[in-house]
Amino acid sequence: MARIRNFACYRTVERPFTRKSKYSKKNFVKVVPASKIQRFQTGDASRVFKYQFLIKSTAKIQVRHNALESARLTANKVMEKMLGKEGFFIKMRVFPHHILRENPLASGAGADRMSTGMAHSYGKNISSAAQLKVGQAIFEIDVDDNGLKAGKLAMQRMTYKFPCKCMVEAYNKQTGKQVFV
Numbered sequence: 008m009a010r011i012r013n014f015a016c017y018r019t020v021e022r023p024f025t026r027k028s029k030y031s032k033k034n035f036v037k038v039v040p041a042s043k044i045q046r047f048q049t050g051d052a053s054r055v056f057k058y059q060f061l062i063k064s065t066a067k068i069q070v071r072h073n074a075l076e077s078a079r080l081t082a083n084k085v086m087e088k089m090l091g092k093e094g095f096f097i098k099m100r101v102f103p104h105h106i107l108r109e110n111p112l113a114s115g116a117g118a119d120r121m122s123t124g125m126a127h128s129y130g131k132n133i134s135s136a137a138q139l140k141v142g143q144a145i146f147e148i149d150v151d152d153n154g155l156k157a158g159k160l161a162m163q164r165m166t167y168k169f170p171c172k173c174m175v176e177a178y179n180k181q182t183g184k185q186v187f188v
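All the letters of the sequence shown, read from the start, carry residue numbers 8 to 188 under this note's numbering.
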């Protein structure tokens, strides 16, 4: 399998390439690449928790679907280890709609006869990404009093998975005031 291309190629936000329709004539995207995201919500969704952690983007950037799934797995592992399966709720707040394209150029002997160069440079669909605005929430974690330290640790570990700096905020859901952990 081919190596994933460096993210520096895709970090700038451009016009979204998202035209997916059930009618093939209106479809700009012919093939939608498979997403690695397994779940958008984990934990106990039925319970009402007292505190909410939000991780927000500090830059206008694109985040690939594999980075989002990696962050979710990291947080889920920390929360399950410290609180069990029912002591928290994690929700992914963004969806990777934007399709990333690549125009691979051939190299080696005889490549000039096979390659079209930049003449037909539209590219093939290779991956998908979520386009983030400044201050947009990426993930949320809901916990009770006993899960404040676990929530903070999970959010710190999630920030390592994103290609931008992120801020972590904690709120009391009843009062709406920010909590400092």
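A virtual CB, placed ideally from N, CA and C, is assigned to each residue, including glycine.
What you are looking at is a predicted structure, and each value in this text was computed from that prediction instead of being measured.
Counting the other Cβ atoms within 10 Å of the Cβ of G142 gives fewer than 16, which makes it exposed. For F60, the secondary structure class from DSSP, reduced to helix, strand or coil, is strand.
Our two residues, K131 and F14, have alpha carbons roughly 16 angstroms apart in a direct line. With respect to F56, V175 sits apart: the two C-beta atoms are not nearer than 8 angstroms. Per the DSSP secondary-structure output, V175 pairs in a beta bridge with I62. Straight-line measurement puts the Cα of R10 at about 21 angstroms from the Cα of Q45. By the 16-neighbour rule on beta-carbons within 10 angstroms, T49 is buried. The beta carbon of S77 sits closer than 6 angstroms to those of K168, all from its chain and outside the five residues before and after it, given in chain order.
In this structure, K43 places its C-beta atom within 8 angstroms of the C-beta atom of N73.
The shortest C-alpha to C-alpha distance from Q163 to any of R79, T182 and S31 is the one to R79. Annotated as proximal: K63 and C173, with beta-carbon spacing under 8 angstroms.
Distance from the CA of V101 to the CA of E109, rounded to the nearest whole angstrom, comes to 23 angstroms. Excluding its 5 nearest sequence neighbours in each direction, D149 has C-beta neighbours in its own chain below 6 angstroms: F56, Q59 and F96, listed in chain order.
Only residues of its own chain outside the window of five on either side were considered, and among them L90, G94 and F95 have a CB closer than 7 angstroms to the CB of G154, listed in chain order. The criterion of a C-beta distance shorter than 8 angstroms is satisfied by A136 and R71.
For S134, the enclosing beta strand (DSSP E) stretches over residues K131 to L139.
Beyond the five residues adjoining it in sequence on each side, Q138 comes within less than 7 angstroms, by CB distance, of V20, P23, Q69 and H105 in the same chain, given in chain order.
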